[in-house]
Each structure stands twice: as structure tokens, then as C-alpha cells.
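Peer 1: I am attaching a structure below and will ask some questions about it afterwards.
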């Protein structure tokens, strides 16, 4: 499983969700090899720590993470200003130099490593990779079992895989910068340009515009690659990993619809039961509002709910949180309203419905026929035409059954 987590991290570099933090990392490609490694190590360690604490999902963790992100943005803005202006850079480096002189009077270079590590920590606080199949399994295990050493090791392996792939790109850029060092004016412009890019990235993240930009991208290709890793490393994969692989969307009976009990609250509807839904074709969509992959599938789910409601389709969104702040019910209500979701939404903060379905992934779609039997499932993005075709087939089947009692 550690190998799978590491490979999943390596593939993260292909995901559009990594884009917001790339300027922070690439801004320092002209630094020493040690400083780059410290930055990448700080990023991986911070991600592992924050993601592990997120499994606790207590209010103080949510608040601490939010505060940490704000501090990280301030650090990144200061870093950007130091790139744009050498004078500002010298002024900002002065506290680190003084600290280094106090610790080791002959070790002024200590300011460099400390600065690099601080940038890595700040990047780790801002980094929120897409929860593809592999990361989804790790986070799911953490949420169901609580934070533990194994979860932290898996998250660290994932972070180190990401650091390796990003580091490869950064060192390649560093080689290019070294070739250009003969042209001092050009490297000066590159430095200032990197500073402007970091400022722009900080502004995008602080305003939440990164989510809007990422909404137009797709992680389907990366998810497919990760599914290939899960499939082709069978000796390492355990039961949870094997469950991530998307089931074929075929009209086969996969058993009775599990219970929908256990939700802490229902939105847009009173609590629903499988018995009350018999005679209806049901689409159960496991999602969470800050999941990029879920945001990509949501327009299709909403369209199906509107298009086929008159024919007997009932769409149920099961909001199962991935991060601590997604457990706050007022946040979920606000997002459901903002996203224009009018179909029933079960708030599954205790993972009761998640466990009932033995689900392991966001987003996950389960199609239930009019007799209350699961007839198809799909995990992740894509195959929208196949899913809609399956919805129509189950609706036609229900109509035929009604006409021939």
C-alpha cells in the first residue's frame, strides 16, 4: 500500500489541482539543491500532518487549518515581494540572519535553509491535491479508523511521491536557469516574473478563484491512471484498494439497496427509506462540496434529476465530508443553495450511509431499479453517456413492469 500511495503522489503532478501551488515551487528554481529539497520535504511533511489531523475532524483542527492557510498566504506574499525587489528581500531575510547568528555565530547561511523550509511548510498548507482513487482510499481509511501511524505513513508516502515528480520538474527548470546565468538582466527579469506569478497565485487562492478555474478542468485521465496502478499492483493492494476500481456499468443485479438511515440531517426532503422509494428509479450520488471531481459531475447529476423526474427518477445526494470544515452543516446548506441543488441531500457526517453502501470514493454513483435492487455503479468522473443510457433503460424497464402487472 505504501508503494501505491507513493505512485499516486507521483501521478499528482498531472492533476490540474496541483496548478495553484506550482508558482510557489518554481519561483525558487535558481536556489541551491539543498534548499529545493528542504522546500519539497517541508511541503510533503506538512501535507501529511495536516491531512492526518483532518481525520480527527474536530473543530479546533478546522480552525487551526484555516488559520494556517492564512499565515501561509502571508508568507507567500512576502516571498513574492522578496523576488520582485532585492531590497525587500534583504529586509525580510534580516530576522532569519539574526536568528542564525544567535544559534551559530559562524552560521549565517542558516537563514537559507530556514527560509526554504518555511516556504515548503507554507506550500504544504496551501496544497490540496485532487482526491483521486488512491488518495480517496487513504483518506477514507483515516476517517473510518481515525488518525493513526499507518495513515500518516501513507500520506507521507503520497506527499513524497508528489515531491519527487515536482522536484524533477523544478531541477529541470533549475538547469535551464543555470544556462541563462550568463545573461544577468534576463535572469533578473525571470526572478521578478516569478515573484509576480507567486503574487497572482496567492491572490487566486485567497479569493477562492482557484476553485472556479479548476471547475473547468478534468481529472478523469489521472483517475484512470491511478485506477491502472491499483489494478496492476495486486500484491500490495488490500481490500479497500480493490473496492476503488469502478464497477462496470451494466444492467446486472448487485443486491438490494442498502439502508439510507444514519444521516444527521436531510435537506430538501424528509428522510427517505428504500421501502418508500420502491417503484422509483433511484440515483444515489456520494459527493462532498469541496471535491473538484464532484464539482465536475454535479452538472450532469442536476441535469438528470431535472430531465427525468417526471419519468420517475429520484436523485439523492449523500454528502459525506472529506475534510473537517465540510462537516459543518451550515456550510453544506450554504453550498447546496449556491449550487442550485433541489433534490434530496442526506448529510452523512457519521459515514453511516457510506458504510451501508460499502463505498470508498468521491464521487460515486449507484443506480437502483424500481424494485429496490442496485443495477449499476460508477466511481469518479466520465462515462456520462453510459450512465444516462442506464437511467433511461431502468426507467423503461419500470414502465414496462407497470404496464404488465
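Residue numbers (the UniProt record's numbering): 1 to 405.
Backbone N, C-alpha and C define an ideal beta-carbon position, used for all residues, glycine too.
All values reported here derive from a predicted model rather than from experimental measurement.
(1) Evaluate the contact criterion for the segment 261 to 273 versus the segment 339 to 359: three or more CB pairs, one atom per stretch, below 8 angstroms.
(2) So does the segment 288 to 302 actually touch the segment 327 to 344, counting three or more Cβ pairs closer than 8 angstroms?
(3) Got a sec, what are the start and stop residues for the beta strand (DSSP E) residue 332 sits in?
(4) Give the range of the alpha helix (DSSP H) segment to which residue 305 is assigned.
(5) Determine the direct distance from the alpha carbon of residue 119 to that of residue 257, and round the result to whole angstroms.
(6) Nearest-angstrom Cα distance between residue 206 and residue 397?
(7) According to the Cβ coordinates, are residue 312 and residue 280 closer than 8 angstroms?
(8) Let's test the definition: count the other Cβ atoms within 10 Å of the Cβ of residue 248 and tell me whether it reaches 16, buried, or not, exposed.
(9) Put residue 97 into one of helix, strand or coil per three-state DSSP.
(10) Would you grab the beta carbon distance between residue 341 and residue 302 for me? Rounded to a whole angstrom, and I think it's under 8 angstroms.
(11) Could you tell me which residues DSSP pairs with residue 267 in its beta bridges?
(12) Would you mind reading off the limits of the alpha helix (DSSP H) that contains residue 355?
(13) What first and last residue would you give for the beta strand (DSSP E) that runs through residue 383?
(14) Taking only three categories from DSSP, how would you classify residue 279?
(15) Please state the DSSP three-state secondary structure of residue 364.
(16) My assumption, with CB atoms under 8 angstroms, is that residue 168 sits in contact with residue 21. Please give the rounded CB distance.
(17) Is it true that the CB of residue 10 sits closer than 8 angstroms to the CB of residue 159?
(18) Report yes if the C-beta distance between residue 262 and residue 121 is below 8 angstroms; otherwise report no.
(19) Quick one: using the 10 Å Cβ neighbour count with 16 as the cut-off for buried, is residue 327 buried or exposed?
(20) Indicate whether residue 283 and residue 315 have their beta-carbon atoms separated by less than 8 angstroms.
(21) Does the beta-carbon of residue 369 have 16 or more other beta-carbons within 10 angstroms, so that it is buried, or is it exposed?
(22) Could you name the residues of the same chain whose beta carbon sits closer than 8 angstroms to that of residue 117, not counting the 5 residues immediately before and after it, in chain order?
(23) Please report how far the alpha carbon of residue 394 lies from the alpha carbon of residue 77, in whole angstroms.
(24) Determine the direct distance from the alpha carbon of residue 296 to that of residue 276, and round the result to whole angstroms.
(25) Drop a sphere of 10 angstroms on the beta-carbon of residue 71, count the other beta-carbons inside from all chains shown, and report buried for 16 or more, exposed for fewer.
(26) Whose C-beta lies closer than 8 angstroms to the C-beta of residue 294 among residues of the same chain, with five residues either side of it excluded?
(27) Using DSSP bridges, identify the partner residues of residue 373.
Peer 2: If we stick to the structure as given:
(1) yes
(2) yes
(3) As a working mapping, residue 332 is identified with position 332 in the chain shown. Not the beta strand (DSSP E): residue 332 falls in the alpha helix (DSSP H), residues 329 to 338.
(4) For the purposes of this step, residue 305 is taken as the residue at position 305 of the chain shown. Segment 292 to 308, the alpha helix (DSSP H) holding residue 305.
(5) Start at 1 with the first residue of the chain shown, and residue 257 comes out as number 257. Start at 1 with the first residue of the chain shown, and residue 119 comes out as number 119. Straight-line Cα distance between these residues: approximately 49 angstroms.
(6) Taking the chain shown and counting its residues from 1, the one referred to as residue 206 is at position 206. Taking the chain shown and counting its residues from 1, the one referred to as residue 397 is at position 397. The straight-line gap from Cα to Cα measures roughly 49 angstroms.
(7) Here residue 312 is taken as the residue at index 312 of the chain shown, counted from 1. Here residue 280 is taken as the residue at index 280 of the chain shown, counted from 1. Yes. Within cutoff.
(8) Translated into positions along the chain shown, residue 248 becomes position 248. Residue placement at residue 248 cannot be trusted, given a pLDDT of 47 that sits under 50; what the coordinates show is reported in the next sentence. The residue in question, residue 248, is exposed, as its Cβ has fewer than 16 Cβ neighbours within 10 Å.
(9) Position 97 of the chain shown, counted from the start, is the residue given in the question as residue 97. Low confidence applies to residue 97: its pLDDT is 48, below 50, so where it sits in the model is not reliable enough to give any reading.
(10) Reading the chain shown from its first residue, position 341 is the one you call residue 341. Reading the chain shown from its first residue, position 302 is the one you call residue 302. Right, the Cβ-Cβ distance comes to about 7 angstroms (below 8 angstroms), so this counts as a contact.
(11) By one-based count along the chain shown, residue 267 stands at place 267. Note: residue 267 sits in a beta bridge opposite 345.
(12) Here residue 355 corresponds to residue number 355 of the chain shown, with the count starting at 1. Where residue 355 is concerned, the enclosing alpha helix (DSSP H) stretches over 352 to 356.
(13) On the chain shown, residue 383 is found 383 positions in, with the first residue counted as 1. No beta strand (DSSP E) contains residue 383, which DSSP labels as neither H nor E.
(14) Numbered from its first residue, the chain shown carries residue 279 at position 279. Coil.
(15) Here residue 364 corresponds to residue number 364 of the chain shown, with the count starting at 1. Here residue 364 sits in strand by DSSP.
(16) By one-based count along the chain shown, residue 168 stands at place 168. By one-based count along the chain shown, residue 21 stands at place 21. Contact doesn't hold; Cβ gap of about 16 angstroms is too wide.
(17) For the purposes of this step, residue 159 is taken as the residue at position 159 of the chain shown. For the purposes of this step, residue 10 is taken as the residue at position 10 of the chain shown. Cβ distance not < 8 angstroms, so residue 159 and residue 10 don't count as in contact.
(18) Along the chain shown, one-based indexing puts residue 262 at 262. Along the chain shown, one-based indexing puts residue 121 at 121. For residue 262 and residue 121, no; Cβs fall outside 8 angstroms.
(19) As a first step, residue 327 must be located in the chain shown, where it is residue number 327. Its Cβ being crowded by 16 or more others within 10 Å, residue 327 is buried.
(20) Taking the first residue of the chain shown as position 1, residue 283 is located at position 283. Taking the first residue of the chain shown as position 1, residue 315 is located at position 315. Taking 8 angstroms as the Cβ cut-off, residue 283 and residue 315 qualify as a contacting pair.
(21) Taking the first residue of the chain shown as position 1, residue 369 is located at position 369. It is buried - the Cβ of residue 369 has at least 16 other Cβ atoms within 10 Å.
(22) As a position in the chain shown, residue 117 is number 117, starting the count at 1. Correct list, in chain order: 38, 39, 41, 42.
(23) Start at 1 with the first residue of the chain shown, and residue 394 comes out as number 394. Start at 1 with the first residue of the chain shown, and residue 77 comes out as number 77. If I take the Cα positions, the gap works out to 54 angstroms.
(24) Sequence index remark: in the chain shown, residue 276 carries index 276 (1-based). Sequence index remark: in the chain shown, residue 296 carries index 296 (1-based). Residue 276 and residue 296: Cα-Cα distance of roughly 30 angstroms.
(25) Within the chain shown, the letter at position 71 stands for residue 71. Exposed, by the Cβ-count rule.
(26) For the purposes of this step, residue 294 is identified with residue 294 of the chain shown, where counting begins at 1. So the qualifying residues of the chain are 287, 288, 362, 363.
(27) Your numbering for residue 373 matches position 373 in the chain shown. Partner(s): 256.
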